[in-house]
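Colleague: If you use the working numbering, the sequence shown corresponds to residues 33 to 273, in order. All C-beta atoms, glycine included, are put in the ideal place defined by N, C-alpha and C.
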Amino acid sequence: MAKALVLNVAIDVITMNEALQQIKLFIAMRQPRLIATANAEMVMLAQSDKQLADILAAADMVLPDGAGVVWAARYTGQPMPERVAGYDLVQRLLAEAVVHGYRLYFFGGAPGVADKAKEVAQKRYPGVQVVGTRHGYFSAADEPAIIADIKAARPDILLVALGVPKQEKWLAAHLNELQVPVAIGVGGTFDVMAGLVPRAPVWMQKIGLEWLFRLLCQPSRFGRMLALPRFVLCVMSSKKG
33 MAKALVLNVA IDVITMNEAL QQIKLFIAMR QPRLIATANA EMVMLAQSDK
83 QLADILAAAD MVLPDGAGVV WAARYTGQPM PERVAGYDLV QRLLAEAVVH
133 GYRLYFFGGA PGVADKAKEV AQKRYPGVQV VGTRHGYFSA ADEPAIIADI
183 KAARPDILLV ALGVPKQEKW LAAHLNELQV PVAIGVGGTF DVMAGLVPRA
233 PVWMQKIGLE WLFRLLCQPS RFGRMLALPR FVLCVMSSKK G
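1) As a quick exercise: from Ala180, Val196, Glu114, pick the residue whose alpha carbon is nearest that of Asn49.
2) At the level of alpha carbons, what is the spacing between Tyr157 and Ala85?
3) Which residues in the same chain have their Cβ closer than 6 Å to the Cβ of Ala36, if we skip the five residues on either side of it in sequence?
4) Alpha carbon to alpha carbon, how far is Ala68 from Gln199?
5) How far does the alpha helix (DSSP H) with Pro96 in it extend, from its first residue to its last?
6) Determine the contact status of Ala226 and Val130, defining contact as a CB-CB distance below 7 Å.
7) Using the rule of at least 16 other Cβ atoms within 10 Å of the residue's Cβ for burial, across every protein chain shown, is Asp174 buried or exposed?
8) Using the C-alpha atoms, what's the distance from Ile179 back to Leu210?
9) If you draw a straight line from the C-alpha of His167 to the C-alpha of Leu136, how long is it?
10) Work out the CA separation of Lys183 and Leu39 for me, nearest whole Å.
11) Would you kindly work out how many angstroms separate the C-alpha atoms of Ala149 and Ala90, rounded to a whole number?
12) To the nearest angstrom, report how far apart Lys201 and Phe170 are at their CA atoms.
13) Given Pro187, which residues of its chain have a CB within under 6 Å of its CB, disregarding the five upstream and five downstream residues?
14) If you reduce the DSSP assignment to three classes, tell me which class Tyr137 lands in.
15) Please look up how many angstroms separate the CB atoms of Leu125 and Ile189, rounded, as I've assumed it's under 8 Å.
16) What's the C-alpha gap between Ile55 and Ala127?
17) Does the Cβ of Val234 have 16 or more other Cβ atoms within 10 Å, making it buried, or fewer, making it exposed?
18) Relative to the alpha-carbon of Val289, which residue among Phe58, Leu88, Gln63 has its alpha-carbon at the smallest distance?
19) Rounded to the nearest angstrom, how far is the Cβ of Val101 from that of Ala72, given a contact under 8 Å?
20) Please check the pair Pro64 and Leu260, which I expect to be a contact at CB under 8 Å, by giving their CB distance rounded to whole angstroms.
21) List the DSSP bridge partners of Val41.
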């Protein structure tokens with residue numbers, strides 16, 4: 033797959049439909065694969081976090097999750113057909129799971145959130161197999177039991193919502209042991225599915241203002257949102273360079 037370099041992070045040049053087809057191929061191949069959903073915040077973290085940067089470089093797919101990443105690729109003269117939002121990808125995967133019999137495991141979020149997301153998934157996609165859930169509050173001592181539970185559930189797709197970069201680092205550390213064909217870091221997807229956080233209106237998503245909607249709904253995100261103007265300035269500086 034073609035890649036676009038955004039501040040030295042390689043992002044797949046891919047559409048939603050192409051990403052779904054690639055994930056189906058990964059499942060059929062039965063080898064553990066790591067998929068990251070990259071937004072501006074993740075790219076900025078990778079500038080100072082070498083471990084995260086190395087994980088992204090080795091990932092099997094790095095999807096253009098954020099509008100900022102799509103803008104940055106295009107601004108620097110690299111093709112990027114569309115945004116592949118993590119939340120939307122999960123919804124498409126749940127629908128595909130019903131058709132193909134894929135098994136999913138939800139790991140992450142506050143206590144009860146993954147369970148609620150499972151309930152919503154089962155109502156929205158009748159017949160979907162969510163074969164396990166586990167909240168994201170744990171210590172190192174809990175990890176063997178978590179890994180054992182995931183392995184026993186035998187999911188085809190593991191969705192991990194521990195936040196960036198914890199989810200990517202956790203998956204990279206345990207990917208081979210888990211032996212799940214597709215593992216994806218999905219950030220706040222369970223919170224949105226569970227109804228704890230509203231999704232931005234479609235018109236805001238289309239014009240790249242989902243970040244503003246999130247900030248209005250969650251003012252506590254202000255510190256994290258400071259990564260956005262820094263990201264824009266870094267991209268503009270990199271183009272001049």
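Modeller: This is what the structure gives:
1) Glu114
2) 35 Å
3) Correct list, in chain order: Ile43, Val45, Ala105, Gln110, Met112.
4) 9 Å
5) Boundaries for Pro96: no alpha helix (DSSP H) harbours it, while the beta strand (DSSP E) harbouring it runs 93-96, taken from the DSSP string.
6) no
7) exposed
8) 6 Å
9) A direct Cα-to-Cα measurement between His167 and Leu136 gives close to 15 Å.
10) 36 Å
11) 29 Å
12) Distance between the alpha carbons of Lys201 and Phe170: 15 Å.
13) Arg135, Leu136, Tyr137, Val163, Val212
14) strand
15) 6 Å
16) 13 Å
17) exposed
18) In the structure as shown, the chain begins at 33 and stops at 273. Residue 289 is therefore absent and cannot be evaluated.
19) 6 Å
20) About 33 Å separates the two Cβ atoms, so there is no contact after all.
21) Val38
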